[in-house]
Amino acid sequence: MKEKEFTSINHIQTIRKDFNEGILMEEQCERDPMELFERWLCAALEKDSHFANAMTLCTVAEDSMPDCRTVLLRDISYSGFTFYTNYNSAKGKQIEHNSKACLLFFWKELQRQVKIQGEIRFLPEVESDKYFASRPFESQVGAWASQQSKPVKDRQTLDEAFERELKKYSNTKVPRPEHWGGYVLLPKNLEFWQGRTGRLHDRIKYSHGEKGWKMERLMP
Ligand SMILES: Cc1cc2nc3c(=O)[nH]c(=O)nc-3n(C[C@H](O)[C@H](O)[C@H](O)COP(=O)(O)O)c2cc1C
Numbered sequence: 000m001k002e003k004e005f006t007s008i009n010h011i012q013t014i015r016k017d018f019n020e021g022i023l024m025e026e027q028c029e030r031d032p033m034e035l036f037e038r039w040l041c042a043a044l045e046k047d048s049h050f051a052n053a054m055t056l057c058t059v060a061e062d063s064m065p066d067c068r069t070v071l072l073r074d075i076s077y078s079g080f081t082f083y084t085n086y087n088s089a090k091g092k093q094i095e096h097n098s099k100a101c102l103l104f105f106w107k108e109l110q111r112q113v114k115i116q117g118e119i120r121f122l123p124e125v126e127s128d129k130y131f132a133s134r135p136f137e138s139q140v141g142a143w144a145s146q147q148s149k150p151v152k153d154r155q156t157l158d159e160a161f162e163r164e165l166k167k168y169s170n171t172k173v174p175r176p177e178h179w180g181g182y183v184l185l186p187k188n189l190e191f192w193q194g195r196t197g198r199l200h201d202r203i204k205y206s207h208g209e210k211g212w213k214m215e216r217l218m219p
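Anchor point for the sequence shown: position 124 equals 123 in numbering that gives the first Met the number 0, and the numbering is continuous, going up by one each time.
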């Protein structure tokens, strides 16, 4: 049997874009990579105020299968990168089994990428409470209605679960579910990537050791 051909996307082999939006030299790099990250995130937010804080979170499952998905960075605090999710989700179980994880930001307008490797910890409950209370009502209710990552029979079943929770909380404050809250990834390695012409990109890697942060340039 002939393999199916997806001819409408043949042109992706020839898509080329020059990388000329910026450069990254050692003397431009703060000693503390979190400061450089903050500067780059601010620049990215100016270009894309809605999704510049979206990051790919990579974790590893118990059977060693890597997994990843997009989550939103909500803070840089407790010395790391904070995001919120369902602790019983696939990612929650994977983090419970192996707290090592990786984050990836891609800011296409700036031709920049940042990779962060580290260990994940629970955020203090008081922070999760504060953040949950700040979410829109529908999102709070959604956290009760959805057993994230579990199979569901159909859309209607999900909508009905949401309606049930909506009714339950129509006149009361929605409490934070115990299974929903924040994580913080404590960085050990951060790599800042800036696209350059001729594919000779800039890559500056920070690694944390006994003497603090070490910086080195990597080949592209
Ligand atoms: C732009 C974007 C932002 C997202 N932000 C979050 C988030 O902050 N927290 C979250 O749990 N899921 C978020 N999601 C959904 C996740 O990508 C994912 O579908 C969900 O967390 C279940 O992942 P899991 O089954 O691997 O645990 C986001 C998806 C997109 C596309």
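We treat Cβ as the ideally placed atom computed from N, Cα and C, and that holds for glycine. Note that the coordinates shown come from a computational prediction; the quantities given were computed from them, not determined experimentally.
Checklist entry - Are the Cβ atoms of F104 and Q112 separated by less than 8 Å? => result Cβ atoms of F104 and Q112: closer than 8 Å.
Checklist entry - I115 and L189: beta carbons closer than 8 Å? => result With contacts defined as CB atoms closer than 8 Å, I115 and L189 qualify as a contacting pair.
Next on the checklist: To the nearest angstrom, how far is the alpha carbon of K204 from that of P219?
Outcome noted: Approximately 12 Å, taken between the alpha carbons.
Checklist entry - Is S88 near ligand 1, going by C-beta to nearest heavy atom under 7 Å? => result Taken from the Cβ of S88, at least one heavy atom of ligand 1 lies inside 7 Å.
Checklist entry - In this structure, does DSSP put Y86 in helix, strand or coil? => result Coil.
Checklist entry - Exposed or buried, H200, counting other C-beta atoms within 10 Å across all chains shown (16 or more means buried)? => result Classification of H200: buried, given that the 10 Å Cβ count is 16 or more.
Checklist entry - How long is the line joining the alpha carbons of W39 and H207, rounded to whole angstroms? => result Between W39 and H207, the C-alpha separation is close to 20 Å.
Next on the checklist: Between A51 and ligand 1, is there a pair consisting of the residue's CB and a ligand heavy atom that are separated by less than 7 Å?
Outcome noted: Every heavy atom of ligand 1 is 7 Å or more from the Cβ of A51, so no.
Next on the checklist: By the three-class DSSP mapping on this structure, what secondary structure does L199 have?
Outcome noted: In the structure shown, L199 falls within a coil segment according to DSSP collapsed to helix, strand and coil.
Next on the checklist: Once the 5 residues before and after C67 are set aside, which same chain residues still bring their CB inside 6 Å of it?
Outcome noted: Excluding residues within five positions, the ones whose Cβ falls inside 6 Å are T55 and C57.
Checklist entry - How about E108 and K46: do their beta carbons lie closer than 8 Å? => result For E108 and K46, yes; Cβs fall inside 8 Å.
Next on the checklist: Are there any heavy atoms of ligand 1 lying less than 7 Å away from the beta-carbon of D66, as far as the coordinates show?
Outcome noted: D66: yes, Cβ under 7 Å from ligand 1.
Checklist entry - What do you get for K90, buried or exposed, if any count of 16 or more other CB atoms within 10 angstroms of its CB means buried? => result Counting Cβ neighbours within 10 Å, K90 comes out buried, since at least 16 surround it.
Checklist entry - Going by C-alpha distance, which of I8, G21, A43 and Q12 is nearest R202? => result Residue G21 is the option with its Cα nearest to R202.
Checklist entry - Mind checking whether G117 and K213 have CB atoms under 8 Å apart? => result K213 is positioned such that its CB atom lies no closer than 8 Å to that of G117.
Next on the checklist: Closest to G180 by C-alpha separation, out of R73, F161 and N97, would be which residue?
Outcome noted: Looking at R73, F161 and N97, the one whose alpha-carbon comes closest to that of G180 is R73.
Checklist entry - Do E25 and R216 have their CB atoms nearer than 8 Å? => result Between E25 and R216, the CB-CB gap stays under 8 Å.
Checklist entry - Excluding the five sequence neighbours on either side, which residues of its own chain have a C-beta within less than 7 Å of the C-beta of L23, listed in chain order? => result Counting only Cβ-Cβ distances below 7 Å, and skipping sequence neighbours, we find F191, Q193, D201 and I203.
Item to check | Pairwise C-alpha distance: F131 and A144 | outcome: When rounded, the distance between both Cα atoms is 15 Å.
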